[in-house]
Amino acid sequence: MIDPMQLLHQRDGRLTRELLLEPGGFGLGRVPAKVKPDATTNMVCGYCSTGCSLKVHLKNGEAINLSPNTDYPVNLGMACPKGWEALTVLDAPDRATTPLLKDASGHQRPVDWPTALTAFVDNFKAIQEKHGKESVAFISTGQMATEEMALLGSVAKFGMGIKHGDGNTRQCMATAVVAYKQAFGFDAPPYTYQDFEESDVLVLVGSNLCLAHPIMWERVMRNKNKPEIIVVDPRFTETAMSATQHLAIAPKSDMDLFYGIARILIEHDWLDHDFIAQHTNGFAEFAEFVSTFTIERVTALTGLTEAAIRKFAETIHSGKRVSFWWTMGVNQSHQGVRTAQALINLALMTGNIGRPGTGANSITGQCNAMGSRLFSNTTNLLGGHDFGNPAHRAKVAGILNIDEAVIPNEASWAYNEILEGVLRGKIKGLWVICTNPAHSWIHQTQCRDILERLDYLVVQDMYHTTETAQYADLVLPAAGWGEKDGTLINSERRHGVIKKVRRAPGQALSDFSIFRLIADAWGCGDMFKEWTSPEAAFRIMQQLSEDQPCDITGIQGYEMLDAAGGVQWPFTKANELEELGLSAGDDGFNTPASQPAQRRLFADGRFCHADGRAKFIFEMPKTMPEPPSDRYPFILLTGRGTASQWHTQTRTSKSDVLRKLYPERIYVEINPADSRRLGIRSGEQVLITSQRGELDATAFITPSVQPGQIFIPMHYESANRLTDAVFDPYSKQPSYKACAANVMKK
Amino acid sequence: MPATRESVPVGSAEEQHPSAEIAFGSTPSVAPFKRPMTLLDVLLTDQHDLSAVERFSIEHAADVLPAQAKYYSRLIPASPPGPGQQYAFDVDLDRCSGCKACVAACHSLNGLDANETWRDVGLLVGGTTSAPVLQHVTMACHHCIDPGCLKGCPVNAYEKDPITGIVRHLDDQCFGCQYCTLACPYDVPKFHADKGIVRKCDMCSSRLAVGEAPACVQACPHEAISIRIVDQRQIVEDAEAALFLPAAPDSQLTLPTTTYRTRRVLPKNMLPADYHAATAQHPHWPLIVMLVLTQLSVGAFLTGLWLESRLDATLMAAVRPLHSVSALLFGLMALAASTMHLGRPQYAFRAVIGLKHSWLSREIVAFGVFAGLAKLYAAGNWFGPSVLPIPPLVLHWIGWGVGISGLVGVGCSVMIYAVTRRALWEFPHTVTRFGLTTGLLGLTATWLTLLVLNASGVTAAETVIANSGRRLCVGILVFATAKLVWEASVFRHLLSRNNPPLKRSATLMTGPLARVTFARFAFGICGGILVPALLLNTLTRDQVTPLSLTLQVGFIFVASLVGELLERFLFFATVAAPRMPGNVR
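Just so you know, the protein sequences line up as chains A and B, in that order. Here the first sequence is numbered in my numbering, starting from 309 and rising by one per residue. Here the second sequence is numbered in my numbering, starting from 2 and rising by one per residue.
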């Protein structure tokens, strides 16, 4: 019997119950009843290098929802929208579910794995036979598990005889790697995230933490020391908005600024003489060098006022715990390495390193950039070793139980050199894994031309629709984050576990499994018979790390990483026995009472060079490679658009929620003074040109860019049509951040 | 766990498969073939085995308290609100960095559908090049003291909790009229087409009830969102002083309770990032048809009454049956269209319960009465006293009842849009449009009746045309001209230096919707001015032929109707909805 009142005014029913919340258990609080878990498990996120831990809600062993892990020492219960939506993008309809092989008519057709593997082996072997082993190369990634990187690097170089392989980490971290190696003797970011909370002065250079690393910004916001936050960035970013000092320097004048600051510090004797004397080399030469960076020179080059520059220097001097942080604004530069070292020099000369709240700290880009740096077997031999060092080769050969002769005695070409190799006819076959050069590489038109010139292109990816996959002769379907096991290493050197909590669609396989299949099909499977699982590979990696600064021999396995909330390297067998913890600072600073393990480097002032000392490295700054001209009077800046977008958007564009959170179409930020002059109104379509190409974008008029500068987010496909293929000479990292461009009303 | 649980040992692949050639006999899909598994088989099987995660999942099992409470306990009130108080969102703008985690968390922790979000983050931009300001603003339902959604809802699907002040939507009561989506100045209720209802933020009331924080509060990495207890009287006072948020809709409308606080001094030139964006709104086609045809129907009945007052009863007796029936048919078509706008039309009857406060409810009831009386009136006239013995005087008064209830209905239609306070829908605009449409289409519909009767050889029609035809033409000319001039007057806002709502409407009409605008004025001018003037001329010179009458009247009716439908399309599509600051799209 239907209650007539209920018919007229129905307070409850099927629709109401759809949104019912129930206690979720597992420490979760209330969760939607329809996705109430029967178990949970923690794993680190697979987007950026922050390395947040996510608590995955499971039902019948499969992930149905997630929420940030409350107790993980990185993210303390928080995540950015990408993390919250990490499972959604696994369900996209354009997931690669079978291998795709290009047929005679040029169409990619689904094939089975044996056919795909045969095509892979036959084509690459044929190229190698005709053009030499070096004619096949690979481009890998900072987005897959360390174990997968290590297996790829080993199979490709030791099994297949490939000489040249590099990763997309070239686009994000190469500069920091070289800067650290030269200055400290090892690629060793010295900090722990707790330093964000323990500084009293934070200097952020070319780093928009608020959008690029929102969870690191969480840690800054938790700083109880009322810190001075100095942001050095040509743009007025969200982070600049929260800064106490924003130095809107002229693009690419940062090195001049830091040399000028060094001169002021020396001039006032605001130095840590003991530290300089005991732990560094080359200070006298450095002091001599920067003496020419007078305040007049620096104000002229940077466009900053003398007062602003002096205040910056004074703030560094007055700070007791000063930390210097940099991101892509420094790394993606024609002189990134020396700029990063200019920051390292400031930390060294003021003794701001090795103590809580200090450091010269590179904030990494991708979730496993650090894994790539240490274990991808590209620039470094496995485990941060040197291809050129016979002892290292012997050590690696011994651990892997392979013939030492198969280990090349020099490092690979860098990414740009591999692409140039294609142009020069040296590289004929390319294997692209988990990255999207046809969108992300600098000077895109040229990059696409290069991809078309290849005799054979294999793309291994989660999605068959990436811009690069469109060019592929063979697409290999990969399982994604959440569909496979392994570990990632975050910006603060923390190893964290990823787990298989979803079934990969169709025939898609983890990259680890694909590499095993390829090794098997290639005929070198026996060389890697010990690499039976990611965890087995992890144990091999541990042996490889022994006695290196990145020693992780003390880690007992994935369970330990999981239970300990990740482990920061180094973690030696000796560390394993120690009680891990952090004592409160002795200078009256706020250190939260119960901190999980926080591990910094260089607390003893011993660096990784043979003499234990850090080096002051410096060089005369060069002018911007492509300054504005009459035809191209604007400087084009590029960078991250929103916290909801990740790089080329192969994943983030697959979530309805994330799509709502970022601008649908490519836009360009223009200063009101320029837009008035050009008669451009906000919301209008404008044409942006550079010497290399053009694109249409929606004008967004904002005073957050300086007059004469424009900003375009990198996530939109056409952005890199404009960028200029210029590279740092030491790190070979592309200089995405500044080129000449023009803006025209359409 | 799945049934295969026992057959798949927990552990890494290595432990299961010491070599690639392992016989994996217990796997059902492979066992019958009795062949050794290849490496590919092993890897594919392993790829779909999720049991290994069990190793890690045990530690949580005993845990029941929300672990996250240690972060958010300070961010929610310890005790419920007292009299005159309520819960409210409190946003520290200085801590909102624009990461938008709150939006995603709300989505995940409330189990919303794939493309459904209840929270949003907008951007305000201002200042100067030397001192720019970027201010991200997180927003959801403001749980207003005088909620537009609740007042407008014809079926009482909204409740304001007497203790917490939370404005809750009763999903099972909603019949999907979407009027709340027009009535809320903050674009909070979102229509869910698949479900046929609207859903919205309820401040996670069931979480707050047990001491847990709403999803957004739990998830903000910077603790920018909290729940505080506010004094409702204070909210009213703050609304007087317009303290809510720069560039937000006037808080007088609904008295939103969210507090936006900042220690910064925001510059006066703060504008939303989407300030210049001109995006057409949803046109609501069923509503377009419903409004235009109800107005036509009411207008036709009113024109009939006017003719009654000036013409001989015997003449009208010949005109009345067809005229009332055709007017009724248009009215019934309108009501049929209106139900197509409802997400769940089977619950249309619920509309009676909102009569006290909802103009939509009143409209539905008024047009219900109108339709009932009109059916009676038309039937009485069509079948005559031999079939339906209604005394002529009663029928006469029923006719007046039809006209009055129809006018009341049109009046309610006007109020539905007027109370949203959208500039293009303000009372003068809407009453002028709807009133003139009623007059114009009523006259054209009457002409159509006369044309049909005339063509059928009813001599009375000829007499009526001779007697009143010119007046009917003049009426059309006057109504159409007045209406077109009124509509065109919105273009003067294009001269405005800033971007007020009416300029947005005019920009849409001349920009993205320029073709529709052109068509609207073309049909309006031809059907309401040029051809009626021609007809007037023909009638004045007494040169009427059946063919010219058919062509001219037919054209006038069709062109005017199409013109009015297009006008109503623009009415919906070009209205600038009040909104919170948005983003670059």
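For glycine and all other residues, C-beta sits at the position ideal for the given N, C-alpha and C.
Taking buried to mean at least 16 other C-beta atoms within 10 Å of its own C-beta, is lysine 1040 of chain A buried or exposed?
Here residue 1040 of chain A corresponds to residue number 732 of the first sequence, with the count starting at 1. Lysine 1040 of chain A counts as buried, since no fewer than 16 other beta carbons sit within 10 angstroms of its beta carbon.
With 9 Å set as the bound, which would you pick, yes or no: does the beta-carbon of isoleucine 238 of chain B sit closer than that to a beta-carbon of chain A?
As a first step, residue 238 of chain B must be located in the second sequence, where it is residue number 237. In the sequence as displayed, the identity of residue 238 of chain B is glutamate instead of isoleucine. For glutamate 238 of chain B, the answer is no, since every Cβ of chain A falls outside 9 Å of its Cβ.
Serine 207 of chain B versus chain A: which residues are under 7 Å apart at the beta carbon?
Translated into positions along the second sequence, residue 207 of chain B becomes position 206. Neighbours of serine 207 of chain B on chain A, chain order: Leu329, Arg338.
Given serine 98 of chain B as reference, the closest of A:Glu370, A:Ala520, A:Ser462 once Cα atoms are compared
Counting from 1 along the second sequence, the entry for residue 98 of chain B is found at position 97. Here the closest residue by C-alpha is A:Ala520.
Buried or exposed: threonine 259 of chain B, going by 16 or more other Cβ atoms within 10 Å of its Cβ?
Within the second sequence, the letter at position 258 stands for residue 259 of chain B. By the neighbour-count rule (16 or more Cβ atoms within 10 Å), threonine 259 of chain B is buried.
Residue interval of the beta strand (DSSP E) (run including lysine 808 of chain A)
As a first step, residue 808 of chain A must be located in the first sequence, where it is residue number 500. Residues 802–808.
From the DSSP output, in three-state form, read off alanine 922 of chain A for me.
In the first sequence, counting from the first residue as 1, residue 922 of chain A sits at position 614. Of the three classes helix, strand and coil, the one that applies to alanine 922 of chain A here is strand, per DSSP.
From the DSSP output, which residues share a beta bridge with cysteine 1047 of chain A?
Looking up residue 1047 of chain A in the first sequence gives position 739. Residue pairing by DSSP puts cysteine 1047 of chain A in a beta bridge opposite A:Leu944.
So the candidates are A:Gly679, A:His751, A:Val809, A:Ala677; which of them puts its Cα closest to the Cα of aspartate 1 of chain B?
Residue 1 of chain B lies beyond the residue range present for chain B, which begins at 2 and ends at 586; the question has no answer from this structure.
Which residues of the segment 973–1000 of chain A have a Cβ closer than 8 Å to any Cβ of chain B? Give them in chain order.
Those residues of the segment 973–1000 of chain A placed with their C-beta closer than 8 Å to a C-beta in chain B are Arg973, Tyr975, Asn979, Pro980, Ala981, Arg989, Ser990, Gly991, ordered along the chain.
For glutamine 86 of chain B, is the classification buried or exposed, using 16 other Cβ atoms within 10 angstroms of its Cβ as the cut-off for buried?
Position 85 of the second sequence, counted from the start, is the residue given in the question as residue 86 of chain B. So glutamine 86 of chain B ends up on the buried side.
Note down, in chain order, every chain B residue with its Cβ under 9 Å from the Cβ of alanine 357 of chain A.
For this step, residue 357 of chain A is matched to residue 49 along the first sequence. Here the sequence assigns serine to residue 357 of chain A, which means alanine is not the residue at that position. What serine 357 of chain A touches in chain B: nothing, since even the nearest Cβ is about 16 Å away.
Helix, strand or coil at leucine 366 of chain A [DSSP, three-state]:
As a first step, residue 366 of chain A is located in the first sequence; it is residue number 58 there, counting from the start. Three-state result, leucine 366 of chain A: strand.
Interface residues of the segment 98–112 of chain B facing chain A [CB-CB below 8 Å]:
Residues of the segment 98–112 of chain B with a Cβ closer than 8 Å to any Cβ of chain A, in chain order: Ser98, Gly99, Cys100, Lys101, Ala102, Val104, Ala105, Ala106, His108, Ser109, Leu110, Asn111, Gly112.
Do the segment 926–938 of chain A and the segment 638–649 of chain A make contact, defined as three or more Cβ pairs closer than 8 Å?
yes
Can you tell which of B:Arg75, B:Cys100, B:Tyr73, B:Ala115 has the C-alpha that lies nearest to the C-alpha of asparagine 395 of chain A?
Translated into positions along the first sequence, residue 395 of chain A becomes position 87. A small fix is needed here, since residue 395 of chain A is leucine in this sequence, not asparagine. Cα-wise, what sits closest to leucine 395 of chain A is B:Ala115.
Who pairs with proline 785 of chain A in a beta bridge, going by DSSP?
Mapped onto the first sequence, residue 785 of chain A falls at position 477. Beta-bridge pairing links proline 785 of chain A to A:Asp769.
Check whether the Cβ atoms of isoleucine 435 of chain A and aspartate 474 of chain A sit closer than 9 Å, and answer yes or no.
Reading the first sequence from its first residue, position 127 is the one you call residue 435 of chain A. Reading the first sequence from its first residue, position 166 is the one you call residue 474 of chain A. Taking 9 Å as the Cβ cut-off, isoleucine 435 of chain A and aspartate 474 of chain A do not qualify as a contacting pair.
Enumerate in chain order the residues of its own chain whose CB-to-CB distance from tyrosine 1038 of chain A is below 6 Å, with the five nearest sequence positions on each side excluded.
Taking the first sequence and counting its residues from 1, the one referred to as residue 1038 of chain A is at position 730. These residues qualify, in order along the chain: Val486, Val645.
Taking C-beta to C-beta, are histidine 223 of chain B and tryptophan 739 of chain A nearer than 9 Å?
As a working mapping, residue 223 of chain B is identified with position 222 in the second sequence. As a working mapping, residue 739 of chain A is identified with position 431 in the first sequence. No.
Given a cut-off of 9 Å, decide if lysine 807 of chain A and threonine 1103 of chain A are closer than it, judged by their beta-carbon atoms.
Nothing in the structure corresponds to residue 1103 of chain A, since chain A is present only between 309 and 1054.
How would you call phenylalanine 384 of chain B, buried or exposed, if buried means at least 16 neighbouring beta carbons within 10 angstroms?
By 1-based counting over the second sequence, the position of residue 384 of chain B is 383. So phenylalanine 384 of chain B ends up on the exposed side.
Range of the contiguous alpha helix (DSSP H) that encloses aspartate 195 of chain B
Stepping through the second sequence from its first residue, residue 195 of chain B is reached at position 194. Unbroken run through aspartate 195 of chain B: none, as it is neither H nor E.
Quick one: complete alpha helix (DSSP H) runs, 4+ long, within the segment 154–228 of chain B?
180–184, 206–209, 216–220
Taking the beta strand (DSSP E) that proline 133 of chain B falls in, what are its first and last residues?
Position 132 of the second sequence, counted from the first residue, corresponds to residue 133 of chain B. Unbroken beta strand (DSSP E) run through proline 133 of chain B: 133–140.
Ordered along the chain, which non-local residues of its own chain (more than five positions away) have a Cβ less than 6 Å from that of alanine 1033 of chain A?
For the purposes of this step, residue 1033 of chain A is taken as the residue at position 725 of the first sequence. Here the set comprises Ile750, His751.
So, glutamate 359 of chain B versus cysteine 185 of chain B, is the Cβ gap smaller than 9 Å?
By 1-based counting over the second sequence, the position of residue 359 of chain B is 358. By 1-based counting over the second sequence, the position of residue 185 of chain B is 184. The residue you asked about is not glutamate; residue 359 of chain B is serine in the sequence shown. Between serine 359 of chain B and cysteine 185 of chain B, the C-beta gap is not smaller than 9 Å, which leaves the two residues out of contact.
Take serine 641 of chain A as the anchor and find which of A:Gln999, A:Lys1054, A:Lys1053, A:Phe1035 has the nearest alpha-carbon.
To locate residue 641 of chain A, count along the first sequence from 1; it is residue 333. The shortest Cα separation from serine 641 of chain A among A:Gln999, A:Lys1054, A:Lys1053, A:Phe1035 belongs to A:Phe1035.
Got a sec, what are the start and stop residues for the beta strand (DSSP E) valine 630 of chain A sits in?
Taking the first sequence and counting its residues from 1, the one referred to as residue 630 of chain A is at position 322. Segment 630–634, the beta strand (DSSP E) holding valine 630 of chain A.
Is it the case that the segment 293–308 of chain B contacts the segment 317–333 of chain B, given that we only count it when at least three CB pairs across the two stretches are under 8 Å?
yes
Heavy atom of the ligand GTP less than 8 Å from the Cβ of alanine 577 of chain B, yes or no?
With respect to small molecules bound, the structure shown includes none, and the ligand GTP cannot be examined in it.
So that I know if they touch, is there some Cβ in chain A lying closer than 9 Å to that of phenylalanine 25 of chain B?
Taking the second sequence and counting its residues from 1, the one referred to as residue 25 of chain B is at position 24. The predicted model places phenylalanine 25 of chain B with a pLDDT of 34, which falls under 50 and marks its position as unreliable, so this point remains unresolved.
Buried or exposed for threonine 545 of chain A, going by 16 or more other Cβ atoms inside 10 Å?
Against the first sequence, residue 545 of chain A aligns to sequence position 237. It is buried - the Cβ of threonine 545 of chain A has at least 16 other Cβ atoms within 10 Å.
Going along chain A in order, which residues have a C-beta closer than 7 Å to the C-beta of arginine 96 of chain B?
Translated into positions along the second sequence, residue 96 of chain B becomes position 95. Within 7 Å Cβ-Cβ: Met529.
Glutamate 631 of chain B at chain A interface by Cβ criterion, 9 Å:
Given that chain B is displayed from residue 2 to residue 586, the structure contains no residue 631 of chain B and the question cannot be resolved.
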